[in-house]
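Peer 1: Chains as they are written, first to last, in this note's numbering: chain P, 9 to 124; chain S, 9 to 124. Note that beta-carbon positions come from the ideal geometry of N, C-alpha and C, so glycine has one too. There's a structure below that I have some questions on.
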DNA sequence: CAACTTGTTATAGTTCAGCTATAACAATAG
DNA sequence: CTATTGTTATAGCTGAACTATAACAAGTTG
């Protein structure tokens, strides 16, 4: 499981982690039922705090992508289809935004606005 | 010009402002050549600091949506078409995400990931 | 059962982005 | 020239993010 995080970016570490793992789940690199690295191990590997890892895990659980229990660990849950189904549309939108030189931040803002 | 900002939200004020104004520009409530409220006035009206307003203005300038100069103020510039052209696709994507109960934050993360 | 693993919760300290407050400066309009 | 308005600088406050420890609860393993 390849995870890249960068403390110098403005995006919080726990969010970077969640984003990275979410992507792995959605594109199939992590299959349903598979267990993630225990928080303490991943924290050590990435040289960050356990809580930061757990916070990322908990975000994904709230999204229904993970199942977590003490002693058992964090396991990839169902609920993936709903996310994956958006992949195509997202890809197209981002392509068009790039084509039009609309920045990432601008696009994100437009989407936040559209959610209201 | 209607602007709503909420200090209790996690999104920074300057970003909320930029998002709100951007939306006004793109959907035509603010036309090209029109002048925004002077930063000091808008700051007073919203009961926030001038710098927060200016920071929002500057974001929009970097996106090419505003033209700014001391003494002249902030004026809506061209460059709108590129943003507006995305409106339809964005609307569709957000609708689909809502339909599938994919949260706003999850969708935003997917898009960030797609930008890499 | 006991031992171990792993998520949960609590507490506390540090750092930094966001926001505020003031003030002086520079460019433009009238 | 005078007033307006964005630009820049400096400084202080606050809360979110991150870290560090530690105790606890639920599950697994032998």
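Would you mind working out which of 107/P, 98/P, 123/P and 108/P sits nearest residue 120/S, comparing C-alpha positions?
Peer 2: Of the listed residues, the one whose Cα sits closest to residue 120/S is 98/P.
Peer 1: Skipping 5 residues on each side, what residues in its chain have a beta carbon closer than 7 Å to that of residue 56/P?
Peer 2: 21
Peer 1: Take residue 13/S and list the residues in its own chain whose beta-carbon comes closer than 8 Å to its own, dropping the five residues that flank it on each side.
Peer 2: 21, 24, 25, 28, 54 and 56
Peer 1: List the endpoints of the continuous alpha helix (DSSP H) containing residue 120/S.
Peer 2: Segment 112 to 123, the alpha helix (DSSP H) holding residue 120/S.
Peer 1: Using 8 Å as the threshold, is the C-beta distance between residue 83/S and residue 34/S below it?
Peer 2: no
Peer 1: Could you list which residues in chain P have their beta carbon closer than 7 Å to that of residue 104/S, in chain order?
Peer 2: 94 and 97
Peer 1: Return the chain-ordered list of same chain residues with a C-beta closer than 7 Å to the C-beta of residue 95/S, the five sequence neighbours on each side being excluded.
Peer 2: 34
Peer 1: Going by CA-CA distance only, name the one from 113/P, 68/P, 85/P and 80/P that's closest to residue 111/S.
Peer 2: 68/P
Peer 1: Can you tell me whether residue 49/S is buried or exposed? The criterion is at least 16 other CB atoms within 10 Å of its CB, across all chains shown.
Peer 2: exposed
Peer 1: Is the beta carbon of residue 115/P sitting closer than 8 Å to the one on residue 101/S?
Peer 2: Going by C-beta atoms, residue 115/P is not nearer than 8 Å to residue 101/S.
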